[in-house]
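Q: Residue numbers (my numbering): 21 to 194. Cβ atoms here follow ideal geometry from the backbone N, Cα and C, with glycine treated the same way. Since this is a predicted model, take the numbers as computed values, not measurements.
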Amino acid sequence: MSPTDEQLRTALATDPIAAVARLADSGMFAEYVVYERPGEWIFAGDALGSVALDTDRLCITWRGETRTNSWTGRPAEVIGAALEELRTLEPDAGYYGAYGWLAFESCAYGLGLREQLDGRTPLAHLIVPRIEVRIDESGARLHGGTPSEQDAILRLIAEPQDADVRTEAPLDIY
Numbered sequence: 021m022s023p024t025d026e027q028l029r030t031a032l033a034t035d036p037i038a039a040v041a042r043l044a045d046s047g048m049f050a051e052y053v054v055y056e057r058p059g060e061w062i063f064a065g066d067a068l069g070s071v072a073l074d075t076d077r078l079c080i081t082w083r084g085e086t087r088t089n090s091w092t093g094r095p096a097e098v099i100g101a102a103l104e105e106l107r108t109l110e111p112d113a114g115y116y117g118a119y120g121w122l123a124f125e126s127c128a129y130g131l132g133l134r135e136q137l138d139g140r141t142p143l144a145h146l147i148v149p150r151i152e153v154r155i156d157e158s159g160a161r162l163h164g165g166t167p168s169e170q171d172a173i174l175r176l177i178a179e180p181q182d183a184d185v186r187t188e189a190p191l192d193i194y
């Protein structure tokens, strides 16, 4: 569900890891998710919408409007219904993807161990990105964004491979 249904394709010879690292480090995106799968890296940036689930609440956000409800049932079913609800908010959008994480604690529901979870335990957080970039050995495919954003993304992806890429950063773990 990006602002545009158009897809921009470009043939580039680039290191996918370095390319997604440059996108993440660019400061262009307030929120992003990076996925790796065999032969492809996916960068999903800036949330049009999101689904956040904890043991007590379901929060659905679309274009800045958030609705929070209590929920019952199984986390996967609740998340699926919430994502389908997001799809109905902008039914003419031809492209739709959601990226994020599902916590191991969500398995407690299927095992009958819900009572073992403390307080408002986070169970899932997914975003529907405004911009999605898929990079593989044949090049990059972009969904969403404005023409100027697409140009900036392509410039970042095409930077020489010897450009400095941040390799480590401090991480606070609580």
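Give the straight-line distance between the Cα atoms of A39 and F49, rounded to the nearest whole angstrom.
A: In a straight line, the C-alpha of A39 is about 14 Å away from that of F49.
Q: Assuming L162 and V153 are in contact, meaning their beta carbons sit under 8 Å apart, how far apart are those beta carbons, in whole angstroms?
A: At roughly 5 Å, the Cβ-Cβ gap stays under 8 Å, so L162 and V153 are in contact.
Q: Going by beta-carbon coordinates alone, are L146 and L43 separated by less than 8 Å?
A: The answer is no: Cβ separation not under 8 Å.
Q: Have a look at the DSSP bridge pairing and note the partners of G120.
A: Looking at the DSSP assignment, G120 forms a beta bridge with L146.
Q: The beta strand (DSSP E) with I177 in it runs from where to where?
A: Not the beta strand (DSSP E): I177 falls in the alpha helix (DSSP H), residues P167 to A178.
Q: Per DSSP, which one or two residues make a beta bridge with V98?
A: Paired residues: none, contrary to the question.
Q: What are the uninterrupted segments assigned as alpha helix (DSSP H) that are 4 or more residues long and contained completely in the region 27-90, given in chain order?
A: DSSP runs (the alpha helix (DSSP H)) wholly in the region 27-90: 36-45.
Q: Taking L130 as part of the alpha helix (DSSP H), name the residues at either end of that continuous run.
A: One detail in the question is off: residue 130 reads as Gly in this sequence, not Leu. Element bounds for G130: C127 to G130.
Q: From A102 to G47, what distance separates their C-alpha atoms?
A: Straight-line Cα distance between these residues: approximately 29 Å.
Q: Pull up the CB-CB distance for R77 and Y129, whole angstroms please, since I reckon it's below 8 Å.
A: Incorrect: roughly 15 Å between the Cβ atoms, too far for contact.
Q: Roughly how many angstroms separate the alpha carbons of A96 and D138, rounded to a whole number?
A: So the alpha carbons of these two residues sit roughly 19 Å apart.
Q: Have a look at D192, P111 and I151 and flag the residue whose alpha-carbon is nearest the alpha-carbon of A172.
A: Checking every option, the nearest Cα to that of A172 belongs to I151.
Q: Measuring CA to CA, which of D192, R57, P58 and I62 is closest to A41?
A: Cα-wise, what sits closest to A41 is I62.
Q: So, under 8 Å CB-CB, S70 and T81 are touching, yes? Tell me the CB distance rounded to an integer number of Å.
A: With 8 Å as the limit, S70 and T81 qualify as a contact, their Cβ atoms being about 5 Å apart.
Q: Rounded to whole angstroms, what's the CA-CA distance from G100 to E85? Just pull it up for me.
A: So the alpha carbons of these two residues sit roughly 19 Å apart.
Q: Would DSSP call L162 helix, strand or coil?
A: Strand, per DSSP.
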